[in-house]
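Okay, here's the thing in structure tokens:
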């Protein structure tokens, strides 16, 4: 019988939540790597039992863990993320230039076809690739050639947090960086160009329409329509119909267009989800009401989904990697909060229930739909 | 070659799947640097957790204590203290205090 495996990264370890296709009863496994920050866990689409986890602490640095049995056992693989050549400098908070320094891996993206081919997005922002199951990593350094000296850290650090692979074109890769913007490669990661035309950052940048420097929080696509992208920017929800060449705003009637994650329904490419957060200085839901917003029209027209979510005195945040969908017939939606809850809906967001209430602060949620 | 005693912080001995105190054979000259070389050679999973893999700089929140003194800021070619060389005392690798 098919089911789902929810991979949860938290401030103090990883948790794996599993259920059958009904998604009503859950088994909780963990903490794995207790005490470590798990910025991301991801499974290979080509081999669901191959998982990768980013494990780090400020004390002991970065490790990459790999599992070949769906998270029952793990082995540490390569953790040498060396920038290519002389790393150079980027813009620092005070406007001076600051040397590129590796801090952690924010995002892991296994390829669609090869369990050993995997990408890693890191802080300070860069993209790495491994073709040997994470044993060794090489930087795709052309990315930092896109005016990298003008990139600057957002409040969370200068992180490459989003990697999207085009399921129809293995040479096309999208990444997003805070605070640099979105970028695209059409040659497998060798060369890159900024794709930020249409973004406006009037509160964050001296030139609101600058080619780079935008604080993109997350980008999502539907696999059947990889040229259509949806973006949650620092402020504004944006859409592109041309692979990021141009963007336009679809914030519409959202109560606030600040937020972190964005996701697309598994079977309806025009149905998208965001979780509005009051502002960049108050990282909690407006009015203390935790609401997922769904648009069935690809943006602009949004409805609040509240059934089963706390509607008073709720002041958690939902981080950029903490929203995911499964691909069962009735699409499941999942998100984790900084308060340690993981909420799930098995009916496209109409009804919600907390799978777990009291985990450490959730950093990342990914979902595997199991055969 | 001599064998010294090294005490690891909890996260690292769990990671290396060893007990808190290990016996570590190190080459001559016995210095902080050769000790870390030996540690990383014997336990490759610890590469990058105590010092940077490229610059070999000690990670900011790692400390080296021995014989009641802090050796963290000594250069890597600093000879280990005699009582560590004779196994009378361990070299302690410590996660620095941080937080409240």
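Protein chains in written order, with the numbering used here: chain U, 8 to 378; chain W, 61 to 160. Every residue gets a Cβ at the ideal spot worked out from N, C-alpha and C, and that includes glycine.
Should residue 164 of chain U be flagged as near chain W, meaning a C-beta pair shorter than 7 Å?
-> no
Measuring CB to CB, does residue 238 of chain U end up less than 7 Å from residue 226 of chain U?
-> yes
What are the complete beta strand (DSSP E) segments, minimum 3 residues, inside the region 103 to 187 of chain U?
-> 104 to 106, 111 to 117, 125 to 130, 133 to 137, 166 to 172, 180 to 185
Are the region 314 to 321 of chain U and the region 252 to 266 of chain U in contact at 8 Å, needing three or more beta carbon pairs?
-> no
From the DSSP output, read off the bridge partner residues of residue 62 of chain U.
-> U:45, U:70
Whose C-beta lies closer than 6 Å to the C-beta of residue 242 of chain U among residues of the same chain, with five residues either side of it excluded?
-> 264, 265
Looking only at its own chain, which residues have a Cβ that is under 8 Å from the Cβ of residue 380 of chain U, when we skip the five neighbours before and after it?
-> With chain U represented from 8 up to 378, any question about residue 380 of chain U goes unanswered, as that position is not in the structure.
Leaving out five residues on either side along the sequence, give the residues of the same chain with a beta carbon under 6 Å from the beta carbon of residue 119 of chain U.
-> 52, 174
First and last residue of the alpha helix (DSSP H) that includes residue 109 of chain W?
-> First-last for residue 109 of chain W: undefined, no H or E at that position.
Tell me, please, whether the region 134 to 148 of chain W touches the region 84 to 101 of chain U by the rule of three or more beta-carbon pairs shorter than 8 Å.
-> no
Is the beta carbon of residue 96 of chain W sitting closer than 7 Å to the one on residue 80 of chain W?
-> no
Flag residue 331 of chain U as yes if its beta-carbon sits less than 7 Å from any beta-carbon of chain W, otherwise no.
-> no
On the DSSP bridge assignment, give the partners of residue 235 of chain U in chain order.
-> Its beta-bridge partners do not exist; DSSP assigns none.
Is the shortest distance between the beta-carbon of residue 109 of chain W and the beta-carbons of chain U less than 7 Å?
-> yes
Just to confirm, are residue 9 of chain U and residue 378 of chain U a CB contact at a threshold of 7 Å?
-> yes
Note the first and the last residue of the continuous beta strand (DSSP E) segment covering residue 93 of chain W.
-> No beta strand (DSSP E) holds residue 93 of chain W; the alpha helix (DSSP H) holding it covers 92 to 102.
Do residue 159 of chain U and residue 98 of chain U come within 7 Å of each other at the CB atom, strictly closer than that value?
-> yes
Could you round the C-beta distance between residue 109 of chain U and residue 72 of chain W to whole angstroms and report it? I think they count as a contact, below 8 Å.
-> Not a contact, Cβ separation roughly 19 Å.
Are residue 16 of chain U and residue 371 of chain U closer than 7 Å when you measure CB to CB?
-> yes
Rounded straight-line distance, which links the Cα of residue 89 of chain U to that of residue 117 of chain W = 14 Å
Is there at least one Cβ from chain U nearer than 7 Å to residue 114 of chain W's Cβ?
-> yes
Between the beta-carbon of residue 126 of chain U and the beta-carbon of residue 170 of chain U, is there less than 7 Å?
-> yes
Would you kindly report the start and end of the unbroken alpha helix (DSSP H) that includes residue 144 of chain W?
-> 142 to 145
For residue 242 of chain U, three-class secondary structure by DSSP | strand
What separation, rounded to the nearest whole angstrom, lies between the Cα atoms of residue 347 of chain U and residue 19 of chain U?
-> 11 Å
Does the distance from the CB of residue 85 of chain U to the CB of residue 23 of chain U come in under 7 Å?
-> no
Grab me the residues of residue 337 of chain U's own chain with a C-beta within less than 8 Å of its C-beta, minus the 5 sequence neighbours each way, in chain order.
-> 353, 354, 355
How would you call residue 40 of chain U, buried or exposed, if buried means at least 16 neighbouring beta carbons within 10 angstroms?
-> buried
Proximity to residue 38 of chain U [Cα-Cα], best of U:26, U:27, U:50, U:21 | U:21
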